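Engineer:
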Amino acid sequence: MLLIGVPAGYLMISAAQSRSSGRDKEAKYSATGLSPGYPAKVQQRIYQVLIPHPADRVAYYETNNWKTSRLYVQFRTTEPGLDTFLDALGVNRADLKKGAITVGDRDKKITGWTFTSKGPWWGLTHSQKNPAPTQDVVVNMSNPVLPMVYVVSRTVP
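Under the numbering used here, residues 184 to 340 are what the sequence shown spells out, in order.
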């Protein structure tokens, strides 16, 4: 009985885990628009969007096609966290331009970002030579102690 029961139990557990894993992957890859949570570390490295610590209200969405790949990320951080994030891009606060909404209409439609709430809004485009990604960054400084950051990083494979 033991020789039959143990393998049968293992098969039942394995099948349940496999079904659960498939549902998780299906949800992840069928998502449209931003999903709550952090992008994988490898996505953060590829798109050069390193989310600082601490950060909350984190959400992301990735699109890929033969022409361009994009990672959309939003998060709220602290003043030092904003500086850390900008530094990782190779820019600083002085590069942000007041009133510059650098995220385009196409990307706003995909994410649902409107940038119409209370500001001030600051933005920049960090252009790099392919295949390195280019980032469009918009920061809402309505609460300067806890700025909200919106990023579209795009790369051409």
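Positions of the beta carbon are idealized from the N, C-alpha and C atoms, including for glycine. The structure displayed is predicted, hence computed values, not measured ones.
(1) What did DSSP end up calling Gly295 once you bin it into helix, strand or coil?
(2) Per DSSP, Gly287 forms a beta bridge with which residues?
(3) Give the DSSP bridge partners of Asn323, in chain order.
(4) Quick check on the DSSP output: the alpha helix (DSSP H) that includes Leu254 runs from which residue to which?
(5) Measuring CB to CB, does Ala283 end up less than 8 Å from Leu307?
(6) Since Gly295 contacts Ser325 with CB under 8 Å, what's their CB separation in whole angstroms?
Structural biologist: To lay it out plainly:
(1) Taking the first residue of the sequence shown as position 1, residue 295 is located at position 112. In the structure shown, Gly295 sits in coil (DSSP, three-state: anything other than H, G, I, E or B).
(2) Looking up residue 287 in the sequence shown gives position 104. According to DSSP, which records beta bridges pairwise, Gly287 is partnered with nothing at all.
(3) If you number the sequence shown from 1, residue 323 lands on position 140. Note: Asn323 sits in a beta bridge opposite Trp304 and Met331.
(4) Stepping through the sequence shown from its first residue, residue 254 is reached at position 71. It is not in any alpha helix (DSSP H) - Leu254 instead sits in the beta strand (DSSP E) that spans Ser252 to Thr260.
(5) The residue you call residue 283 lines up with position 100 of the sequence shown. The residue you call residue 307 lines up with position 124 of the sequence shown. Yes, Cβ-Cβ distance for Ala283 and Leu307 is below 8 Å.
(6) Locating residue 295 in the sequence shown gives position 112, where the first residue counts as 1. Locating residue 325 in the sequence shown gives position 142, where the first residue counts as 1. About 18 Å; that fails the 8 Å criterion.
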